[in-house]
Structure formats: C-alpha cells, structure tokens
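Peer 1: Numbering (UniProt numbering), first residue to last: 1 to 340.
Heads up, the beta-carbon is just placed ideally off N, CA and C, and yes, glycines get one too.
No experiment lies behind these values; they were computed from the predicted model shown.
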Amino acid sequence: MNILRKILFPFAVLYGFITSIRNFLFDNGFLKSTSFDLPVIAVGNLSVGGTGKTPQIEYLIRLLSDKYKIATLSRGYKRKSDGFVLADENANAEILGDEPFQFYQKFPNVMVAVDANRTNGITQLLSQNEKPEIILLDDAYQHRKVKAGFYILLTSYDDLYADDFMLPTGNLRESRSGAERANIVVVTKCPNNLTEEQQAKIRLKLKLSCSQQIFFTFINYDEVIYGAAEKISVSEIKSESKILLAGIAKPKPFFDYLKNENDECLTFPDHHHFSDADLETIQNKANGKKIITTEKDYVRLKDSKLISQLYYLPIKSSFINHQQNFDATILEYVKKSLES
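Structural data, given as structure tokens:
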C-alpha cells in the first residue's frame, strides 16, 4: 500500500460506511430492487477490475447457449454511445465497448446489449420480437436496482477480497460482507496445480457460509495466436522477436506467457481507446515485427493500420476441479427458474 493510499484511509472508511448504508437500504426494501420472470445470472466482483469477468461470462455462454436463447447485458464501459444498444451488423467496440463487442464477434447466436441502467436494459431485451430465455449480467454485482436470481462473485487468487480494503485505500467497491449475496464464489487466476488443501484454506479465509459454493479456476491460454489472415502456434511465436501489447487491468500473466528476452512489452490503461498517436508509436516500435495483443484489445485495434502485423491470444477460464458441480448448479438454477 503506497503512502497516498494510507493518507486517504479516512475516505475509505467513509466510502465503506456509505456503501454499507446503501446495501442495508436495498436489503431491507427501503430502496427498490426489480426482479424479472426469467433466469438472470449476475457476474461481478467486490474489487475494481482484473478478476476475469469476460472469460467467466464466455464460459456461461458456452454452457448454456446450445439449449437456451441467451442475452448478455453490460454497461459498455468507455463506449461512445448512450442508453440501450442492441448489437447488430453495424456494431463496433466504440458503440458497445470492447468486452460486449468481443461477445458479439465470438457468439453470433447470442443477443448482446449494453445499458448503464440494467433495469431498463432487461426491459428492452424482453420487448424484442425474439426474447431471451436467460440474461447474463456482466459486472453487475453492485447494481442493486436489479435483483438477479443468481450471483457469481469472482475474486483473484493473488488479490483475494479478504486481503483487501475499501477504495481509495484498497480496491474494494464495497465491504467484504457484500460477498454474502453470492451463491457461488469463483477464485480466478489460480495456479493450475492448486491442491485441495490449499483450496480449503482459501475457503476458510473467505469465511463463506455453508450454503455458498466455491470453485477455483485458472487462465487457460490457447495454443495458437490468430491474425486477420493466418494463425501461428504459440510455441513458434515464443521464440520470435515481437511486440507484446496489452490494455487490460493485469497484463503480467499475458506478457509472461509469451515473452522472450528480445521482446518489448507495451502497457496501456484498461479499456484504452488507442489514438492515432498511440498507433503511430506502436507501429514505430514494432518496426515490421509482429504485434501480439489480448483478444479484448484486438477488437479495438482490428480496424486500425496495425492489422497486417496484429495477432491476438485467446484465453478461457478452466476449472481446476469440480467443473461438473459448477455446471450442474447453474443448469439446475436455470431449470427451476424457467419452471416456476
């Protein structure tokens, strides 16, 4: 914790008090939460950024989309549009935001929408000619105006919410007690050899109730990088001199997975909109070499002048163990919700 964050400790206490009062008002019905007559699954975190929400949403899409009509609803962080937008052939990252546009590109059979007002967003989705059967709320754990039927809380292995503190001293958006709303807690970005004993210690540390389930996942990198015209094996590209480019919250694992001693790593802020000057700088540094970026950054850069030398590395969220239990829990919730 740096000195400035320590100095701001009184503001963190005040912020924690305000968010606790807000949660109390929602929990006790003084502030209105709207429920909807279909399965609504909210995925989010207690901290700001970097817990792996996008691969978790994509996992749920893969699990559910073969059986049900799915819609994702996101805020559309840093998009240049307003209000409710339903993705269509005219959509791009500036209209939707990078993560929703990534969903739209990868899953053409899924309805992808953005709206900062999630209540309005769900209402608009349900007014479409083809209504979704399930709605996945992306980064909506603190959006208490919608009462989701099921909550999945993510926390990073190397930055557990139990070890964190309220903003601005720490990175928590609300107090640790907010974890009590979760049906499932997923510890993300774990070492893939995390033992059952280590998992049990983390569960105790997070102080989960007996009704809450916990699962452990790791980032599973693809064995291939993809460009506009070709794909190359990771084993081949690792030995080649290249530029590694990331505008995500925690880029170190991405860099570590691909880099060698001759590579240059370029870091930009999370959800960064690349300016013409940025593109010029990147192109000059690359000097004809391949540029490897994250999938989230690629959707913002694929229409730029870098495209001829630009590649991306896909990732997936994979379970260390008990994946079948996770799947069964989600499918059972959906089934019961649709039958009720």
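Roughly how many angstroms lie between the CA atoms of GLN213 and ALA42, to the nearest whole one?
Peer 2: Between GLN213 and ALA42, the C-alpha separation is close to 15 Å.
Peer 1: So what does DSSP say about ASN284, is it helix, strand or coil?
Peer 2: Of the three classes helix, strand and coil, the one that applies to ASN284 here is helix, per DSSP.
Peer 1: If PHE103 sits next to THR72, beta carbons under 8 Å apart, how far is it from one beta carbon to the other, in whole angstroms?
Peer 2: Yes, they are in contact, since the Cβ atoms of PHE103 and THR72 sit about 5 Å apart, within 8 Å.
Peer 1: On a Cα-Cα basis, can you pick out the residue from GLY170, ILE237, PRO251 and GLU332 that is closest to ILE3?
Peer 2: If we check each option's Cα against that of ILE3, GLY170 comes out closest.
Peer 1: Kindly identify the DSSP beta-bridge partner or partners of LYS80.
Peer 2: DSSP output for LYS80 lists no bridge partner at all.
Peer 1: Mind listing, in chain order, the continuous alpha helix (DSSP H) runs of no fewer than 4 residues lying wholly within the stretch 201-268?
Peer 2: Within the stretch 201-268, the complete alpha helix (DSSP H) runs of at least 4 residues are 234-238 and 252-258.
Peer 1: By alpha-carbon positions, which one of TYR68, THR54, LEU25 and ILE57 ends up nearest to LEU38?
Peer 2: Ranking the options by Cα distance to LEU38, first place goes to TYR68.
Peer 1: Would you grab the beta carbon distance between VAL40 and ILE184 for me? Rounded to a whole angstrom, and I think it's under 8 Å.
Peer 2: Actually they do not touch by this definition, with Cβ atoms about 14 Å apart.
Peer 1: Measure the alpha-carbon distance for THR294 versus SER156 and round it to whole angstroms.
Peer 2: About 19 Å.
Peer 1: So, using beta-carbon positions, are LYS80 and GLU94 closer together than 9 Å?
Peer 2: Yes, the Cβ-Cβ distance between LYS80 and GLU94 is below 9 Å.
Peer 1: One question on the structure: do LYS152 and ALA182 come within less than 9 Å of each other, judged by their Cβ atoms?
Peer 2: Reading off the sequence shown, one finds Ile at residue 152, where the question assumed Lys. Closer than 9 Å, so yes.
Peer 1: Whole angstroms are fine: how far does the CA of PHE216 sit from the CA of ALA200?
Peer 2: Computed Cα separation, rounded: 11 Å.
Peer 1: Taking HIS322 as the reference, give the member of LEU14, ILE219, VAL186 and LEU172 with the closest Cα.
Peer 2: Among LEU14, ILE219, VAL186 and LEU172, the Cα nearest to that of HIS322 is on VAL186.
Peer 1: Count Cβ pairs between the stretch 55-66 and the stretch 271-278 that sit closer than 8 Å; are there 3 or more?
Peer 2: No contact exists between the stretch 55-66 and the stretch 271-278.
Peer 1: Provide the residue(s) that pair with VAL187 in DSSP beta bridges, ordered along the chain.
Peer 2: Note: VAL187 sits in a beta bridge opposite THR155 and PHE216.
Peer 1: Near PHE11, what residues of its chain come up, given a Cβ to Cβ distance below 7 Å and the 5 sequence neighbours on each side ignored?
Peer 2: Correct list, in chain order: PRO168.
Peer 1: Where does TYR298 fall in DSSP's three states?
Peer 2: Residue state, collapsed to three classes: helix.
Peer 1: Ordered along the chain, which non-local residues of its own chain (more than five positions away) have a Cβ less than 8 Å from that of SER20?
Peer 2: Correct list, in chain order: GLU174, SER175 and SER177.
Peer 1: So what does DSSP say about ILE41, is it helix, strand or coil?
Peer 2: In the structure shown, ILE41 sits in a strand (DSSP, three-state: E or B).
Peer 1: If you run the structure through DSSP and keep just helix, strand and coil, what is LEU125?
Peer 2: DSSP places LEU125 in helix when its eight states are reduced to three.
Peer 1: Could you check where the beta strand (DSSP E) with ALA113 kicks off and where it finishes?
Peer 2: Note, ALA113: beta strand (DSSP E), 111-114.
Peer 1: Quick check for students: name the residue ranges of the alpha helix (DSSP H) that lie wholly in the stretch 18-64, counting only runs of 4 or more.
Peer 2: Whole alpha helix (DSSP H) segments, 4+ residues: 53-64.
Peer 1: Checking the sheet assignment: what are the DSSP bridge partners for PHE319?
Peer 2: Per DSSP, THR217.
Peer 1: Would you mind sorting ARG62 into buried or exposed? The rule is 16 or more other CB atoms within 10 Å of its CB.
Peer 2: ARG62 is exposed by the Cβ-count criterion.
Peer 1: Less than 9 Å between the beta carbons of LYS242 and ASP263, yes or no?
Peer 2: Cβ atoms of LYS242 and ASP263: closer than 9 Å.
Peer 1: If you reduce the DSSP assignment to three classes, tell me which class LEU86 lands in.
Peer 2: Note: LEU86 maps to strand in three-state DSSP.
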